[in-house]
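Reviewing the structure listed below.
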Amino acid sequence: MAGDEKTVRQYEGRWAAKPEQVKEGVLFSYYSPGAGEIFLSGDFNGWKHGTLRLVKGRDNVWRIILKLAPNRSYDYKYVVDGNWITDPNNPDLNPDIAGGANSIIYIGEKGNLLAKDDPERHKFTLEGRGIQHGIFSSERYKRDFDLFYVLPPGYTGEPLPAVICLNNYIKSQEIDRYCRKYGYIGILPSPDIGGDYIRKGKLNIFSELINEVKERFRIDEDRLYVTGMSNGGLEALLVSLYFPDLIAASAVVFGPYRLRYYKDKISHMNTDEVKRFLANLEFPQKMLPNLINTPVYVSHGGGDEAVPADDAIVLHEILEKLGTPVKFNFYPKEGHTWLMVDEDLPNVFDWFGKFKRNNYPERIYYTAPFGLFKNKIFWAEFMPYEVTQPVRMRVGVTADNGIRIDSDNIKKITLSPSQELIRISEKTKIDTFNKKAKIDLNTDTNEAVITF
Numbered sequence: 018m019a020g021d022e023k024t025v026r027q028y029e030g031r032w033a034a035k036p037e038q039v040k041e042g043v044l045f046s047y048y049s050p051g052a053g054e055i056f057l058s059g060d061f062n063g064w065k066h067g068t069l070r071l072v073k074g075r076d077n078v079w080r081i082i083l084k085l086a087p088n089r090s091y092d093y094k095y096v097v098d099g100n101w102i103t104d105p106n107n108p109d110l111n112p113d114i115a116g117g118a119n120s121i122i123y124i125g126e127k128g129n130l131l132a133k134d135d136p137e138r139h140k141f142t143l144e145g146r147g148i149q150h151g152i153f154s155s156e157r158y159k160r161d162f163d164l165f166y167v168l169p170p171g172y173t174g175e176p177l178p179a180v181i182c183l184n185n186y187i188k189s190q191e192i193d194r195y196c197r198k199y200g201y202i203g204i205l206p207s208p209d210i211g212g213d214y215i216r217k218g219k220l221n222i223f224s225e226l227i228n229e230v231k232e233r234f235r236i237d238e239d240r241l242y243v244t245g246m247s248n249g250g251l252e253a254l255l256v257s258l259y260f261p262d263l264i265a266a267s268a269v270v271f272g273p274y275r276l277r278y279y280k281d282k283i284s285h286m287n288t289d290e291v292k293r294f295l296a297n298l299e300f301p302q303k304m305l306p307n308l309i310n311t312p313v314y315v316s317h318g319g320g321d322e323a324v325p326a327d328d329a330i331v332l333h334e335i336l337e338k339l340g341t342p343v344k345f346n347f348y349p350k351e352g353h354t355w356l357m358v359d360e361d362l363p364n365v366f367d368w369f370g371k372f373k374r375n376n377y378p379e380r381i382y383y384t385a386p387f388g389l390f391k392n393k394i395f396w397a398e399f400m401p402y403e404v405t406q407p408v409r410m411r412v413g414v415t416a417d418n419g420i421r422i423d424s425d426n427i428k429k430i431t432l433s434p435s436q437e438l439i440r441i442s443e444k445t446k447i448d449t450f451n452k453k454a455k456i457d458l459n460t461d462t463n464e465a466v467i468t469f
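This is the structure in structure tokens:
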């Protein structure tokens, strides 16, 4: 906040209007004779509802002045006696996640408030940011989706890394810049893919999206990454759980993972206890061991009033105890805002740059609520007994050049490891914990077929 109550009161007598530039910063004003208290909430304060209190003037206009960082747009609302209200004097609106709208202002390079006809406003548009638009058509769900994307310099012929950004990343004001800086193809699909499908268990939409991305763009399939913020953070976690073999690494930002309730229990558990605990949870939480080979970056703000930081703290602790490559970045004062997402992007891209997909890990773990989502995980192809029932499979290479398998609701497994991982011979010991299992070894193709 710029100045004190005396600074704000010097503007008494002005009509309540859309935000305007004054010498101290940006003046926000709201007329309400009967209100008991009014706060301002938005991207600039992490959408905290009780930190930016407006001062009521003798003219019944409530005011506050903010100094705002340049080169950004800011969504905001007034909180009038607990009710969230768009600015009635500002015609510039931006859709919110609830199907309504936020008011929005644009701050220029010199920290000045940009008028609607200011040419500098163009750089905030998709065209001005070089974000291109296409359509993704889902054959399975018979629906078309907006598909925005960013192409980096040098996109000519060589396959490049790509990042799929879930939950309306066109609202990020830095994602296009960092994609170009780090040389990534940025895929920004419609938020409906997450809200209407991924979070409702229709994960097939993501495998369709990946196939579309592979066909449309020249990508390095071993450097395909996924990130998401808020509900998109949950969506990025879900697709990582269901398709850990398709992505090289993921980054989840202040998502509602619904794990905070287990904070006290998890903190006292060792690795084996965590595994047993997760096995007794419901899907999708019990799928967290699926991530043993998928690096995960987690970040959250301590000032987040929408999603408690304990969700991220517990997720990080679980993954760390499972042996997943994981990193946690905690921002003590940041809230639930795109401003934190953008500040965090250098860390996200640094994380991605450390990893390529490992197609032949020594250990594989996979469980899912149904056997119909997929039939192959890394170098293990499987056939369930009942496709509508949960499946579980653990495969690992042993120190004596053998393979150990433990599974539920699996009728047949075909193993195709690389010869660098294990060379299958007639002497290869395959332990299935099932005396009735039939084992066929093919030394020519380096395959093993196990039928239960």
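For what it's worth, the working numbering labels the leading residue of the sequence shown as 18, then goes sequentially. Just so it is clear, CB atoms sit at the ideal spot from N, CA and C, and this is done for glycine as well. Because the structure is a prediction, the values reported are computed rather than measured.
Between the beta-carbon of Y47 and that of L71 there is about 7 Å, and that keeps the pair under the 8 Å contact cut.
When DSSP states are grouped into helix, strand and coil, Y195 belongs to the helix group. For secondary structure counted as the beta strand (DSSP E) over 3 or more consecutive residues, the region 290-369 holds these complete runs in sequence order: 313-318 and 343-348.
Excluding five sequence positions before and after L258, the CB atoms of its chain that fall closer than 8 Å to its own CB belong to P301, M304, L305, N307 and L308, given in chain order.
Bounds of any beta strand (DSSP E) do not take in R440, whose DSSP letter is neither H nor E.
In the pairwise beta carbon analysis, the region 400-414 is classified as not touching the region 343-351: fewer than three pairs are separated by under 8 Å. Spatial neighbours of D423 in its own chain (CB-CB distance under 7 Å, excluding positions within 5 residues in sequence) are listed in chain order as R411 and F450. Between the region 146-166 and the region 203-211 there are three or more C-beta pairs closer than 8 Å, enough to call the two in contact. Under the three-state reduction of DSSP, A253 is assigned to helix. Between the alpha carbons of P273 and L255 lies a distance of about 11 Å. Counting only the Cα atoms, E252 lies some 49 Å from G30. Using a Cβ distance threshold of 7 Å, R421 and D457 do not count as a contacting pair. C-alpha of K373 to C-alpha of A266: approximately 8 Å in a straight line. Within the region 157-212, complete alpha helix (DSSP H) segments of at least 4 residues are found at 192-199 and 209-212, given in chain order. Here the C-alpha atom of L168 lies approximately 25 Å from the C-alpha atom of F260. Within 10 angstroms of the beta-carbon of T311 lie 16 or more other beta-carbons, which makes it buried. D262: not part of any beta strand (DSSP E); DSSP gives it neither H nor E.
F153: member of the beta strand (DSSP E) spanning Q149 to S155, first to last residue. In the DSSP annotation of this structure, the continuous segment of the beta strand (DSSP E) that includes G42 starts and ends at G42 to Y48.
Excluding five sequence positions before and after F369, the CB atoms of its chain that fall closer than 6 Å to its own CB belong to Y242 and A266, given in chain order. Where V25 is concerned, the enclosing alpha helix (DSSP H) starts and stops at E22 to R26.
Membership of I124 in any alpha helix (DSSP H) is not indicated; the residue belongs instead to the beta strand (DSSP E) covering A118 to I124. At the C-beta level, D109 and D60 stay beyond 7 Å of one another. Within the DSSP secondary-structure output, G245 pairs in a beta bridge with L183 and V269. For V404, the three-state secondary structure derived from DSSP is coil. Looking at the DSSP output, V230 sits in no beta bridge, so it has no partner there. Around the beta carbon of I152, fewer than 16 other beta carbons lie within 10 angstroms, which makes this residue exposed.
Collapsing the DSSP output to three states places Y278 in a helix.
In this chain, the alpha helix (DSSP H) harbouring L143 covers L143 to R146.
Rounded to the nearest angstrom, the Cβ distance from L298 to L332 is 13 Å, too far for a contact under 8 Å.
In the structure shown, E464 adopts extended strand secondary structure according to DSSP, grouped into three states. The beta carbon of F56 is closer than 8 Å to those of H66, G67, T68, L69, R70, L71, Y95 and V96 in its chain, skipping five residues each way along the sequence. Excluding residues up to 5 positions away in sequence, I121, Y123 and F141 lie with their Cβ nearer than 6 Å to the Cβ of S90 in the same chain. Residue burial annotation: R240 is buried, with at least 16 other C-beta atoms found within 10 angstroms of its C-beta.
Going by beta carbons, N88 and P50 fall outside the 7 Å limit. The three-state reading of DSSP puts N221 in helix, counting H, G and I together.
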